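In what follows, a single structure is set out as structure tokens and then discussed.
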Amino acid sequence: MTTSYSESGFLSTIYEGKTHQDLHTCLFACFLSQEEPKRVSKALSDPAWVEAMQEELLQFKLQKVWVLVDLPKGQRAIGTKWVYRNKKDERGIVIRNKARLVAQGHTQEEGIDYDEVFAPVARIEAIRIFLAYASFMGFTVYQMDVKSAFLYGQIEEEVYVCQPPGFEDPDHPDKVYKVVKALYGLHQAPRAWYDTLATYLLSNGFKRGQIDQTLFIKSQKGHILLVQIYVDDIIFGSTKKELCEEFEKLMKDKFQMSSMGELTFFLGLQVQQKKKGIFISQDKYVHEILKKFNYTDVKSASTPTDLEKPLVKDADADEVDEHLYRSMIGSLMYLTASRPDIMFAVCACARFQVSPKTSHLLAVKRIFRYLKGKPSLGLWYSKDSPLELVAYTDSDYAGATLDRKSTTGGCQFLGNRLISWQCKKQTVVATSTTEAEYVAAASCCGQVLWIQNQLLDYGYNFMNTVIYIDNTSTICIIENPVQHSKTKHIEIRHHFIRDCNTKKLIQMAKIDTQLNVADLLTKGFDAGRFQYLVSSIGMLNP
Numbered sequence: 001m002t003t004s005y006s007e008s009g010f011l012s013t014i015y016e017g018k019t020h021q022d023l024h025t026c027l028f029a030c031f032l033s034q035e036e037p038k039r040v041s042k043a044l045s046d047p048a049w050v051e052a053m054q055e056e057l058l059q060f061k062l063q064k065v066w067v068l069v070d071l072p073k074g075q076r077a078i079g080t081k082w083v084y085r086n087k088k089d090e091r092g093i094v095i096r097n098k099a100r101l102v103a104q105g106h107t108q109e110e111g112i113d114y115d116e117v118f119a120p121v122a123r124i125e126a127i128r129i130f131l132a133y134a135s136f137m138g139f140t141v142y143q144m145d146v147k148s149a150f151l152y153g154q155i156e157e158e159v160y161v162c163q164p165p166g167f168e169d170p171d172h173p174d175k176v177y178k179v180v181k182a183l184y185g186l187h188q189a190p191r192a193w194y195d196t197l198a199t200y201l202l203s204n205g206f207k208r209g210q211i212d213q214t215l216f217i218k219s220q221k222g223h224i225l226l227v228q229i230y231v232d233d234i235i236f237g238s239t240k241k242e243l244c245e246e247f248e249k250l251m252k253d254k255f256q257m258s259s260m261g262e263l264t265f266f267l268g269l270q271v272q273q274k275k276k277g278i279f280i281s282q283d284k285y286v287h288e289i290l291k292k293f294n295y296t297d298v299k300s301a302s303t304p305t306d307l308e309k310p311l312v313k314d315a316d317a318d319e320v321d322e323h324l325y326r327s328m329i330g331s332l333m334y335l336t337a338s339r340p341d342i343m344f345a346v347c348a349c350a351r352f353q354v355s356p357k358t359s360h361l362l363a364v365k366r367i368f369r370y371l372k373g374k375p376s377l378g379l380w381y382s383k384d385s386p387l388e389l390v391a392y393t394d395s396d397y398a399g400a401t402l403d404r405k406s407t408t409g410g411c412q413f414l415g416n417r418l419i420s421w422q423c424k425k426q427t428v429v430a431t432s433t434t435e436a437e438y439v440a441a442a443s444c445c446g447q448v449l450w451i452q453n454q455l456l457d458y459g460y461n462f463m464n465t466v467i468y469i470d471n472t473s474t475i476c477i478i479e480n481p482v483q484h485s486k487t488k489h490i491e492i493r494h495h496f497i498r499d500c501n502t503k504k505l506i507q508m509a510k511i512d513t514q515l516n517v518a519d520l521l522t523k524g525f526d527a528g529r530f531q532y533l534v535s536s537i538g539m540l541n542p
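Quick note, the sequence shown lines up with residues 1 to 542 if you use UniProt numbering.
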């Protein structure tokens, strides 16, 4: 009777205030390990992790990854190890125990064990362009995951690895495995997987992007299917839903795939697909880093920078833990993938990572206090906004207190959708405001050209893109190719913007300083001006 009562009490507790999906998640989690083991011996004592390791080795058998052989004379075997990870959903709930057997690739020798290793991966701007286009066209973006993707890649080199720890063959303990397909950890594994996938897609009617080698396009009777690859994660969408269904079937015919439904979480970005547009944020990650650095209960700040306390070298101040400081900066840099509002503040603080002082740590703490007050802020891609490429550029003359170098700021939009932004200290000291603005404009132009070429694959030719700038002298220098006495010392590489203007790839347009949204990426502001700029670039709360 006691056992029965306890069970009913447990189930009633789960049912209380829960949906059917939540109930399923709770019950499923009971059979998963919540802890990631550090040693093989501990994993072997946990049935959940034993099952995960057996599942991994089953994939090896199904894909015919290796063959058990005697180690040839003169050859050496590469060691193997188990890596244990808990896969979590966007809410942070463990949904899967994943055991990965990896080769100790650091012992490989270039030219003997491998040659070409690098595989193309999508840039974060390319992902935002994909989502901006999806919001404009009004189609749903889906996600798929390839199970043990690297195991599909064929390798050409002769590679031998040791038997997996805890799963040695009792009859042949001294034998090794000859690797036929790419194993995780091998230097050539990502490249081999990409070649396999690309060959398969190209043979089934897809075309590869001219600029972005991870974008694959298929056109059919006026409809388009877009597929973006990031190693073993695949996102795709189409103006015709049947094309998405055909793509899923196509992939499952060749690979073991996990259909993850509508895209909700990708490369650290949380994606909410709504009827009126797409919202991109990282609020889950914000809460994680606030908890990690003990800022969950602090007083919030209205802006990420303190105008009354500019950052200086501050040689006489007390030093702080540089490892903590760098960890905080690294966490914030990851967050700038969806938070341009903190970009300038983070970049300014990142310049003091060598020997951070108390004042620098206080500046970083202020960014965290700002995040405490605005954890859910994100980018809104409205369906109703037109698909038109425009850009803004600005600079802060001699804004860097350490060496008086200027700061470049730039941002690019598709309609009202912010898809790319830059904040970077210039490499040389500018002798005038015009020179600083000219260098910033050239940097923005380079990014615009990349976006123009990227959008050619989508079927859009955005010639004569408008770049807004608030400096009239810079526009005159760009449009008039005469060699001025005050521009002859500017590095030649920046002058390509003149050629772009002549070819009508871009056009410069004057804008009032108060309306130049790129200003957000060059300096700090008071609360009123800061909030205006943040809302102007399309950032809002969900």
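Note that the Cβ used here is the ideal one computed from N, Cα and C, for glycine as well. Values in this document were obtained by computation on a predicted structure and should not be read as measured data.
### Alpha-carbon to alpha-carbon, L418 and P340
Walking along the sequence shown from the start, residue 340 turns up at place 340. Walking along the sequence shown from the start, residue 418 turns up at place 418. Approximately 9 Å, taken between the alpha carbons.
### Query
In the structure shown, what three-state DSSP assignment does D318 receive?
Reading the sequence shown from its first residue, position 318 is the one you call residue 318. If DSSP states are grouped into helix, strand and coil, D318 belongs with coil.
### Query
On the three-state DSSP scale, how would you describe G538?
Along the sequence shown, read from residue 1 onward, the residue named residue 538 stands at position 538. Coil at G538, not helix or strand.
#### Entry: Residues near N464 by beta carbon distance below 8 Å, same chain, minus five either side
Here the question's residue 464 lines up with position 464 in the sequence shown. Contacts found: K504, L505, I506, Q507.
### Task
Would you list the residues sitting across from E158 in a DSSP beta bridge?
For the purposes of this step, residue 158 is taken as residue 158 along the sequence shown, with counting starting at 1. Paired residues: none, contrary to the question.
### Task
Select from A400, Y200, R498, D253 the residue whose C-alpha is nearest the C-alpha of F352.
Along the sequence shown, read from residue 1 onward, the residue named residue 352 stands at position 352. The shortest C-alpha separation from F352 is found at A400.
### Pairwise C-alpha distance: I367 and L267
Looking up residue 267 in the sequence shown gives position 267. Looking up residue 367 in the sequence shown gives position 367. Going by the C-alpha atoms only, they are around 23 Å apart.
### Task
Check F216 in the structure and name its three-state DSSP category.
Residue numbering aside, residue 216 sits at position 216 when the sequence shown is read from its first letter. Three-state DSSP puts F216 in a strand.
### Query
Buried or exposed: K357, going by 16 or more other Cβ atoms within 10 Å of its Cβ?
As a first step, residue 357 must be located in the sequence shown, where it is residue number 357. Buried is the call here.
### Query
If you run the structure through DSSP and keep just helix, strand and coil, what is Y460?
Locating residue 460 in the sequence shown gives position 460, where the first residue counts as 1. It is coil, neither helix nor strand.
### Query
If you check the beta carbons only, do K284 and F247 fall under 9 Å apart?
Numbered from 1 along the sequence shown, position 284 holds the residue referred to as residue 284. Numbered from 1 along the sequence shown, position 247 holds the residue referred to as residue 247. It is not a contact, given that the beta carbons lie outside the stated cut-off.
### Task
Indicate the three-state DSSP secondary structure (helix, strand or coil) for Y468 in the structure shown.
Looking up residue 468 in the sequence shown gives position 468. Secondary structure at Y468: strand, using DSSP grouped into helix, strand and coil.
### Task
Quick one: give me the first and last residue of the alpha helix (DSSP H) that I373 is part of.
Numbered from 1 along the sequence shown, position 373 holds the residue referred to as residue 373. Looking at the sequence itself, residue 373 is Gly, so the reference to Ile does not match. That run of the alpha helix (DSSP H) goes 358–373.
### Message
At the 9 Å Cβ level, is A345 part of the contact set with chain B, yes or no?
### Response
This model lacks chain B altogether, as it is built from one protein chain only.
### Query
Going by DSSP, which residues form a beta bridge with W421?
The sequence position of residue 421 within the sequence shown is 421, counting from 1. According to DSSP, which records beta bridges pairwise, W421 is partnered with C411.
### Task
Quick one: grab the DSSP three-state call for L311.
As a position in the sequence shown, residue 311 is number 311, starting the count at 1. Correct three-state label for L311: coil.
#### Entry: Per DSSP, the bridge partner or partners of T80
In the sequence shown, counting from the first residue as 1, residue 80 sits at position 80. According to DSSP, T80 bridges with A103.
#### Entry: Nearest-angstrom beta carbon gap, K98 and K87 [assumed within contact, 8 Å]
As a working note, residue 87 is residue 87 in the sequence shown. As a working note, residue 98 is residue 98 in the sequence shown. Contact flag correct, Cβ pair sits at about 5 Å.
### Task
Compute the Euclidean distance between the alpha carbons of P190 and V364, then round it to the nearest angstrom.
Taking the sequence shown and counting its residues from 1, the one referred to as residue 190 is at position 190. Taking the sequence shown and counting its residues from 1, the one referred to as residue 364 is at position 364. Those two C-alpha atoms are separated by around 36 Å.
### Task
In the DSSP assignment, find the unbroken beta strand (DSSP E) run with Q270 in it and report its ends.
Residue numbering aside, residue 270 sits at position 270 when the sequence shown is read from its first letter. Unbroken beta strand (DSSP E) run through Q270: 269–274.
### Query
So what's L335 in DSSP terms, helix, strand or just coil?
Here residue 335 refers to the residue found at position 335 when the sequence shown is read from its first residue. The answer is helix: DSSP assigns L335 an H, G or I state.
### Query
By the 10 Å Cβ neighbour count, where 16 or more other Cβ atoms means buried, how is H360 classified, buried or exposed?
Numbered from 1 along the sequence shown, position 360 holds the residue referred to as residue 360. The residue in question, H360, is buried, as its Cβ has 16 or more Cβ neighbours within 10 Å.
### Task
Spatial neighbours of P165 within its chain, please: CB distance less than 6 Å, with the 5 preceding and 5 following residues excluded, ordered by chain position.
In the sequence shown, residue 165 corresponds to position 165, counting from 1. Around P165: V40.
### Task
Have a look at D174 and I211 and give me their C-alpha separation to the nearest angstrom.
Taking the first residue of the sequence shown as position 1, residue 174 is located at position 174. Taking the first residue of the sequence shown as position 1, residue 211 is located at position 211. In a straight line, the C-alpha of D174 is about 48 Å away from that of I211.
### Query
Is DSSP giving S258 helix, strand or coil here?
Mapped onto the sequence shown, residue 258 falls at position 258. Looking at S258 - three-state DSSP - the assignment turns out to be strand.
### Query
In this structure, does DSSP put V67 in helix, strand or coil?
Position 67 of the sequence shown, counted from the start, is the residue given in the question as residue 67. Three-state DSSP puts V67 in a strand.
### Proximity to K61 [Cα-Cα], best of L183, L335, S33
What you label residue 61 is simply residue 61 of the sequence shown in a count that begins at 1. Of the listed residues, the one whose Cα sits closest to K61 is L183.
#### Entry: For W380: DSSP bridge partner residues
For the purposes of this step, residue 380 is identified with residue 380 of the sequence shown, where counting begins at 1. Looking at the DSSP assignment, W380 forms a beta bridge with F279.
#### Entry: Span separating the alpha-carbon of C476 from that of D306
By one-based count along the sequence shown, residue 476 stands at place 476. By one-based count along the sequence shown, residue 306 stands at place 306. If I take the Cα positions, the gap works out to 35 Å.
#### Entry: Spatial neighbours of residue 594 in its chain, beta-carbon cut-off 7 Å, leaving aside the 5 residues before and after
Because the chain is modelled from 1 through 542, residue 594 falls outside the range shown and cannot be assessed.
### Task
Could you have a look at H223 and say whether DSSP puts it in helix, strand or coil?
Taking the sequence shown and counting its residues from 1, the one referred to as residue 223 is at position 223. Residue state, collapsed to three classes: strand.
### Message
Need the endpoints of the alpha helix (DSSP H) that I497 sits in, please.
### Response
Locating residue 497 in the sequence shown gives position 497, counting from the first residue. In the DSSP annotation of this structure, the continuous segment of the alpha helix (DSSP H) that includes I497 starts and ends at 496–502.
### Message
Just to confirm before moving on: does the CB-CB distance between A122 and Q228 stay below 9 Å?
### Response
Walking along the sequence shown from the start, residue 122 turns up at place 122. Walking along the sequence shown from the start, residue 228 turns up at place 228. Yes; because the gap between Cβ atoms is below 9 Å, this pair is in contact.
### Query
Less than 9 Å separating the beta-carbons of residue 567 and I235?
The structure shown has nothing for residue 567, since the chain only spans 1 to 542.
### Task
Would you list the one or two residues that DSSP bridges to G237?
Numbered from its first residue, the sequence shown carries residue 237 at position 237. V141, L226, per the DSSP bridge assignment.
### Message
What does the Cβ neighbour count give for T196, buried or exposed, with the cut at 16 atoms within 10 Å?
### Response
In the sequence shown, residue 196 corresponds to position 196, counting from 1. Buried.
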